[in-house]
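Chains as they are written, first to last, in the numbering used here: chain E, 3 to 594; chain R, 231 to 323.
For each residue, glycine too, the CB sits at the ideal point set by N, CA and C.
Here the structure is a predicted model, which means the values were calculated and not measured.
Remarks on the structure that follows.
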Amino acid sequence: MTVSPRHVAPTLVDAVRALAQDGLNAGERGFVFVRPDGTERLVAFRDMAALAARRGASLRALGLERGDRVALVIGDGEQFVLSLLAAQFAGLVPVPMFPQMSPKNVDAYHAAAAHIVRASGAAVVLTTEANRSFVAPIGEHVAVRRGVVAIEALGEGHGAVDERISPDDLALIQFTSGSTSSPKGVAVTHANLAANAEAFMIHGLRRDPAVDKGVSWLPLFHDMGLIGFVVGPLFTNVPCVLLPAASFVRAPSLWLEKIHRHRGTITYAPTFAYALVAKRLKDDDVASLDLTCLRVAGCGAEPIRARVLREFARRLAPSGFDARALLPSYGMAEATLAVTFMPLQSGMQTDPVDLGALGSGAATPLDGGVEVVDCGRAFPEHAIAIVDDDGRRLSDRRVGQIVFRGPSVTQGYYGQPELTSATFKAIAGDAPGDAPWLHTGDLGYTVGEHLFVCGRAKDLIIVRGRNYYPSDIEWAVGEGSKIRRGNVVAFSVAVDDRGRVVATPGGEEQLVLCCEGVAAEARAIQESVSATVADRFGLAVREVVVVPPATLPRTSSGKPRRRETRQLYLDGALSRTDRASTMDVASAEPSR
Amino acid sequence: MPAMMTTPKVDEARPTREMLLAMFRETASEVVEKNFGEVAESTVISELTIDSLGILEVIGSLERRLRIQIPDESLSNIRTVRDLLDEVERRIG
């Protein structure tokens, strides 16, 4: 299905060129980049195309050809955005990568980064002078044709590029939830970017270029920050204030302070950020804020927790924050970004259902039942459906896999045709030649046009918006501790605000590991496994459970069964050598 | 830095090394709600039961209390609590 966007330019390059011509942008409108030291710098919309075309020429002068991939490891927001646009102006394909920003897992970083460089076949790794010495070791893990280059060393005097970019050209490769050893790069075309930008900025947010201003601290190498607060706003002429993610984590109140000072109208964050702010903000901080300007406070990227958003709204009410601004949504990199949005000004709505029935695939309404958050509707030209394991459509209130179709659906995983055809495929009843459906791997149900997300079909572990594969964690434990690979199972459990394990879907997730070992070594096993996971993934383990040798549930081929082990853990039914088996399962979260 | 973020004050013009270590333990306990009383200067930060965002929260809290700023580039060279406190002392000047 090729549907031309109706309200935005056909490519991001055209969109950025158009910004320079728009009369609205004669003055000081554009992206304000907040630096780690708190100073701010404006890059005006009217200047952006010229800056990108010049840097694009410098990139091509490195000996790069059209279609070459350029890995971007750039922590500075301004330099990241200009380099991304420069690559696109030059007909190159930017590959955003995460810069190291914490003194944890430094060693694992280079290996993980090298996997991404290899998978994308990047011809050059572009970074900044300040980061160059740290980034350079990536080049020791993988061959990079033009090496690791600092932006400052690109030089001037190469003129400006003037390439014709078509909607079907690859616009970027977004690396996402793949496992560390086999990262998945989502291939996104300019047509995908245009379709999704139109969907969420125009149909979803009804943006007004004369009024709206986005404020975001979301990392720019991640789809939510990049598509949501760089690509979407550039297509639709909306100024933004962009702060470094590290600054937000170090000082969470900075986020709301910037919304207040810049009179931001639109912001977005995963659930954990709303929880962090509600927890850290002091009453004096709240009193000094005026958030009456904020009309959209979006939430997505990880399971949405109703209680957290409610607490945030309650806590921020004295600042004039309107709870109707809360906008739950659903999306993923494979869909460019946005899949469904709640209608504007409807706030967070939940559907209380029977938890027992949910487990067997039915979302049966129940007063006081488990609350599942309404994630809203698909956009015009796009569709969602719920299917069973055989790809047959399910009716309302039946739980199955969420599938998505429309012009925002990307081209699949770069260089991985098998994985792509396993994920982007037909469902029962499709006619030959119909566009494939993105199979999201998430579980949900519909009520009318609205989508309710209630879990995952795959064994992914999501902690604070970051995805981890249990197989990666099990592998690392097998390498780095006293446990043999194959004798360990990793899974996540949901916990409530007091840290108790809950059966409710969509709680904050914590990691549990289950290992086989003898009682005498239980303590040593627990310590070495926790240390390995902390070191390799920067993750704190909730609990390392040690069970007697050969007691983990296994498949016929001898692999431990994760889901069964998890269920035994939740039921308190594991025979433990580390201590008496006691479980602290809180009752399901009651509705309002 | 915005005024609203600088409420906690350090009275001492120049805190001693012991005070800095105590401050680290206290801040970490606030962020993760666990006891970090056993943390020493030689403790490797990767081995603490704090995730990578948590450690940034701790650093941010130290920055606010001491009114200093540690640049991101310096963070990737920090392995132990000693390295972090060295960096903090350097910034206090």
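Contact between the stretch 230-243 of chain E and the stretch 412-426 of chain E is not established, with fewer than three Cβ pairs separated by less than 8 Å. Leaving aside the five residues that flank H452 of chain E on each side, the residues in its chain whose CB is nearer than 7 Å to its CB run, in chain order, D376, G378, R379.
For R294 of chain R, the residues of chain E that pass the 7 Å Cβ criterion are A253, in the order they occur in the chain. Membership of Y332 of chain E in the beta strand (DSSP E) is indicated by the continuous run 328-333. In the three-state reduction of the DSSP assignment, L440 of chain E falls in the strand class, which pools E and B. Taking 7 Å as the Cβ-Cβ cut-off, the stretch 532-549 of chain E approaches chain R at S532, A533, A536, D537, G540, L541, A542, given in chain order.
Per DSSP, reduced to three states, the secondary structure at Q81 of chain E is helical. Remark: three or more beta-carbon pairs, one from each stretch, lie closer than 8 Å, so the stretch 332-352 of chain E and the stretch 196-207 of chain E are flagged as touching. Between P562 of chain E and the set E:F250, E:C516, E:R399, the nearest pair of CA atoms involves E:C516.
If you draw a straight line from the Cα of S291 of chain R to the Cα of V288 of chain E, it comes to about 18 Å. Taking 8 Å as the threshold, the shortest C-beta distance from G267 of chain R to chain E does not fall below it. Between the alpha carbons of A248 of chain E and L128 of chain E lies a gap of roughly 20 Å. At least one C-beta of chain E is nearer than 8 Å to the C-beta of L286 of chain R. Contacts with chain E at 8 Å (Cβ-Cβ) include L278 of chain R.
For the stretch 91-102 of chain E, the beta-carbon criterion of a distance under 9 Å to any beta-carbon of chain R is satisfied by P101, Q102. Identification of chain E residues near G323 of chain R by a Cβ-Cβ cut-off of 9 Å yields none; the smallest Cβ-Cβ distance measures about 16 Å. Contact annotation: I308 of chain R and I275 of chain R have beta-carbon atoms nearer than 8 Å.
Judged by DSSP secondary structure, N194 of chain E falls within the alpha helix (DSSP H) whose first and last residues are 192-199.
By the Cβ test, the stretch 53-67 of chain E is in contact with the stretch 88-96 of chain E, since at least three Cβ pairs between them sit closer than 8 Å. The beta-bridge partner set that DSSP reports for R556 of chain E consists of E:P562.
If you ignore the 5 residues before and after A189 of chain E, its C-beta comes within less than 8 Å of the C-beta of L172, I175, T412, Q413, G414, Y415, Y416, all in its own chain and listed in chain order. Taking every protein chain shown into account, the CB of P382 of chain E has fewer than 16 other CB atoms within 10 angstroms, so this residue is exposed. The C-beta of S282 of chain R comes closer than 8 Å to at least one C-beta of chain E.
Secondary structure of G302 of chain E (DSSP, three-state): coil. Less than 8 Å divides the Cβ of Q512 of chain E from the Cβ of V497 of chain E. For the stretch 27-46 of chain E, the residues whose beta carbon sits under 7 Å from a beta carbon of chain R are, in order, P38, D39, G40. In the structure shown, the three-state DSSP call for D356 of chain E is coil.
P320 of chain E and F314 of chain E have their C-alpha atoms roughly 11 Å apart.
Membership of E263 of chain R in any alpha helix (DSSP H) is not indicated, and neither H nor E is assigned to it by DSSP. DSSP lists E:K186 as the beta-bridge partner residues of T178 of chain E. Within the stretch 119-148 of chain E, the residues whose Cβ lies closer than 7 Å to any Cβ of chain R are, in chain order, A132, N133, F136.
Q102 of chain E sits in coil when the DSSP states are folded into three classes, being neither helix nor strand.
Boundaries of the beta strand (DSSP E) around I464 of chain E: 463-465. Distance from V137 of chain E to V83 of chain E at the Cβ level is roughly 18 Å; contact not present, criterion being Cβ atoms closer than 8 Å. Three or more beta-carbon pairs separated by less than 8 Å link the stretch 42-49 of chain E to the stretch 25-32 of chain E, which places the two stretches in contact. Its Cα nearest to that of I140 of chain E, the residue E:A113 stands out among E:L329, E:R525, E:I268, E:A113.
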